[in-house]
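Undergrad: Below is the structure I would like to discuss, written out as structure tokens.
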Amino acid sequence: MSKVTVVGAGNVGATCANVLAHKDVVNEVVLLDIKGDLARGKALDSWQQAPIDYYSTTITGTEDYADTANSDIVVITAGIPRRPGMSRDDLISTNAKIVTAVTKSILEHSKNPIIIVVSNPLDVMTFAAHKASGLDSSRVFGMAGILDTARYRAFLATALNVSPKDLQAVLMGGHGDTMVPLPRYTTVAGIPVTEMIDEETLSAIVERTKKGGGELVKLMGTSAWYAPGAAAAQMVESIVRDEKRIYPCCAHLSGQYGLKDIFLGVPVQLGKNGIERILELDLNDDEMALLNESAGHVTKVMEVFNGMNLL
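For the sequence shown, position 145 matches number 144 in numbering that gives the first Met the number 0, and the numbering has no gaps at all.
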């Protein structure tokens, strides 16, 4: 059992803390926000839910980083959300400063935590947290692909009129419009999805997945939170329970797929030590071209971050 800190008591962070408590796999969740009363209120509300939904994980809210001391895992959701008309990249100037400051503050009280980044633009914020922390790259990674594949699988489940439980998928690349869904690696109860759906419909679902976050921003006026929060909690569970689950995550590449010194979405194995293995799929030429295009976009945003001279 472990101690987990969730930084940011907004919709995503509060959802992550609440879903994690329901899983009942950690002793304590600390919900931290610069608005301390907001964090305390949401934590108290979740703790009062425990007798109803039968979980024992304690949840406390705070604005004091001292309360995060000796955290095993830290989930960073802090930052401003997207608004209609904004891309994830539009958030970089504000959120880079926030994520960098948060990471440094966490490391003052926890020696060697595993850090999961959820803040956008995701790939570059994960890079920022890694640079600011000085931790091994196996212990700093981002939540993106789990959410993106969940959207992809949800759309497919609707189109096929099947349970989303039976869908498995892999998605790679940056968290944004250049992400790379891989229909060749998508199955329904082990059956290739290409045998169950026509190419035109599948292509439309792939395109909808790429813009899945933007669709929700248009509908609600802000970023999604139920699925992102649950996705981050699922990652924590695999680490705490040492499940060795295979998930698409934003990870540091050091030559895999011919890419170096970049954080990008790839399938990884998550266990007690964080990223314990990066899986290198045998991509065809078209898939590799899409991955390189996505990597090029992420590199440009990384250059913007480096130009900010925050570290």
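Glycine included, each C-beta is placed from N, C-alpha and C at the ideal position.
The structure displayed is predicted, hence computed values, not measured ones.
(1) Name the residue from TYR225, MET234, ARG150 and TYR184 whose alpha carbon lies nearest to the alpha carbon of LYS209.
(2) Just checking, does the stretch 112-120 make contact with the stretch 59-76 on the three C-beta pairs under 8 Å criterion?
(3) Taking the straight line between their C-alpha atoms, what separation do you get for TYR184 and GLU286?
(4) Less than 7 Å between C-beta atoms, sequence neighbours within five positions excluded: which residues of the same chain meet that for LYS217?
(5) Please state the DSSP three-state secondary structure of HIS251.
(6) Could you tell me how far apart the beta carbons of CYS249 and ASP122 are, in whole angstroms, since I believe they sit closer than 8 Å?
(7) Which of helix, strand or coil does DSSP assign to LEU37?
(8) Quick check on MET142: does DSSP put it in helix, strand or coil?
(9) Do you know offhand how far ALA95's Cα is from PRO120's?
(10) Quick one: what's TYR246 bridged to in DSSP?
(11) Please determine, among GLY273, PRO80, MET219 and ARG138, the residue with the shortest C-alpha to C-alpha distance to GLU242.
(12) Determine the DSSP secondary structure at LEU278, reduced to helix, strand or coil.
(13) Unbroken beta strand (DSSP E) runs of length 3 or more, entirely within the stretch 93-180: which are they?
(14) Under 7 Å between the Cβ atoms of ARG87 and GLY175?
(15) Between which residues of its own chain and ASP23 is the CB-CB distance below 7 Å, once the five residues before and five after are set aside?
TA: On the basis of the coordinates in this document:
(1) Of TYR225, MET234, ARG150 and TYR184, the residue nearest in Cα terms is ARG150.
(2) With the cut-off at 8 Å, the stretch 112-120 and the stretch 59-76 touch.
(3) When rounded, the distance between both Cα atoms is 11 Å.
(4) PRO83
(5) strand
(6) 5 Å
(7) LEU37 falls in the helix class under three-state DSSP.
(8) coil
(9) Each residue's alpha carbon lies about 9 Å from the other.
(10) VAL267
(11) GLY273
(12) DSSP, read as helix, strand or coil, puts LEU278 in coil.
(13) 113-116 and 139-141
(14) The Cβ atoms of ARG87 and GLY175 lie closer than 7 Å to each other.
(15) TYR54, SER55 and THR56
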